[in-house]
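Notes to accompany the following structure.
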Amino acid sequence: GENVEQHPSTLSVQEGDSAVIKCTYSDSASNYFPWYKQELGKGPQLIIDIRSNVGEKKDQRIAVTLNKTAKHFSLHITETQPEDSAVYFCAASRMGDMRFGAGTRLTVKP
Amino acid sequence: DVKVTQSSRYLVKRTGEKVFLECVQDMDHENMFWYRQDPGLGLRLIYFSYDVKMKEKGDIPEGYSVSREKKERFSLILESASTNQTSMYLCASKPGQGPSNYGYTFGSGTRLTVV
Numbered sequence: 024g025e026n027v028e029q030h031p032s033t034l035s036v037q038e039g040d041s042a043v044i045k046c047t048y049s050d051s052a053s054n055y056f057p058w059y060k061q062e063l064g065k066g067p068q069l070i071i072d073i074r075s076n077v078g079e080k081k082d083q084r085i086a087v088t089l090n091k092t093a094k095h096f097s098l099h100i101t102e103t104q105p106e107d108s109a110v111y112f113c114a115a116s117r118m119g120d121m122r123f124g125a126g127t128r129l130t131v132k133p
Numbered sequence: 060d061v062k063v064t065q066s067s068r069y070l071v072k073r074t075g076e077k078v079f080l081e082c083v084q085d086m087d088h089e090n091m092f093w094y095r096q097d098p099g100l101g102l103r104l105i106y107f108s109y110d111v112k113m114k115e116k117g118d119i120p121e122g123y124s125v126s127r128e129k130k131e132r133f134s135l136i137l138e139s140a141s142t143n144q145t146s147m148y149l150c151a152s153k154p155g156q157g158p159s160n161y162g163y164t165f166g167s168g169t170r171l172t173v174v
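Chains as they are written, first to last, in this note's numbering: chain A, 24 to 133; chain B, 60 to 174.
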């Protein structure tokens with residue numbers, strides 16, 4: 024079955040810097056890749072997603088890139104702010120079978 | 060505001076008790092899921108349902124069962140709670156028929172402690 028690996032497990036950046044979180048997946052048939060943000064005491068919230076027919080997608084300060092050949096995808100956050108501090112999960116899905124990475128705890132220091 | 064509501068934020072139960080975790084969604088979604096979240100292990104799928112009265116085992120169904128009598132409600136049951144079931148439990152739903160690729164809407168979670 025699908026296996027999703029996520030790196031790094033923790034990431035600390037200064038406010039205003041960029042943050043990048045990377046994920047790899049094993050099932051070449053996976054075709055949907057969402058990213059979730061989980062703030063303290065809350066459930067994960069979908070922040071951006073990308074489908075396999077697209078290489079890059081951007082929404083304001085966040086962007087996701089997908090390399091199907093290498094089977095990896097990344098989340099990029101620019102101009103980070105303290106409210107970006109949270110745990111971020113990547114996921115890969117094939118026919119609705121969604122597998123999650125282990126999560127990255129991002130800390131943005133003011 | 061559409062949402063997934065989990066009935067309890069925190070629960071403390073004794074070993075051997077039967078525990079019910081309730082989840083309700085108001086988005087008319089066909090698909091509902093139960094995950095447990097543990098540090099370093101991410102989200103692991105316990106059970107899911109693509110339709111009323113339908114259920115499928117996920118990756119770690121042992122010690123759990125589910126019930127979906129109505130479209131909007133998906134209950135997770137711990138038949139005889141054990142300490143290794145101490146965890147954060149997350150309910151989620153998504154639209155689409157059957158195995159379709161859409162993002163999930165998660166509830167806020169229930170932190171269960173079994174003593």
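C-beta: ideal position from N, C-alpha, C; glycine also.
For clarity, every value in this text was computed on a predicted model and none was experimentally measured.
Asked, Found
"Within 8 Å of chain B by C-beta, residues of the segment 46 to 59 of chain A in sequence order", "N54, Y55, P57 and Y59"
"Per-residue contacts from F112 of chain A into chain B (C-beta, under 8 Å)", "G101 and L102"
"P98 of chain B, DSSP secondary structure in three states", "coil"
"One or two residues paired with Y55 of chain A in a DSSP bridge", "A:R74 and A:S116"
"Residue closest to Q50 of chain A, alpha-carbon to alpha-carbon, out of A:Q104, A:T130, A:K94 and A:I100", "Checking the sequence shown, residue 50 of chain A turns out to be Asp, not Gln. Residue A:K94 is the option with its Cα nearest to D50 of chain A."
"Neighbourhood of Y69 of chain B by C-beta distance below 6 Å, restricted to the same chain and skipping five residues each side", "R170"
"Beta carbon proximity, L149 of chain B to chain A, threshold 8 Å", "yes"
"CB-CB length for S108 of chain A against K45 of chain A, believed under 8 Å", "Not quite, the Cβ-Cβ distance comes to about 19 Å (not below 8 Å), so this is no contact."
"8 Å Cβ cut-off: residues of chain A touching S167 of chain B", "G64, K65 and G66"
"Contacts around V131 of chain A, its chain only, beta-carbon distance under 7 Å, and the 5 residues preceding and following it disregarded", "V36, E38, T103, Q104, P105, D107 and S108"
"Range covered by the beta strand (DSSP E) that runs through N90 of chain A", "I85 to N90"
"Opening and closing residue of the beta strand (DSSP E) in which D82 of chain A lies", "E79 to D82"
"Residue environment, S108 of chain B, which counts as buried when at least 16 other CB atoms sit within 10 Å", "buried"
"Within chain A, partners of S159 of chain B - CB distance below 7 Å", "G119"
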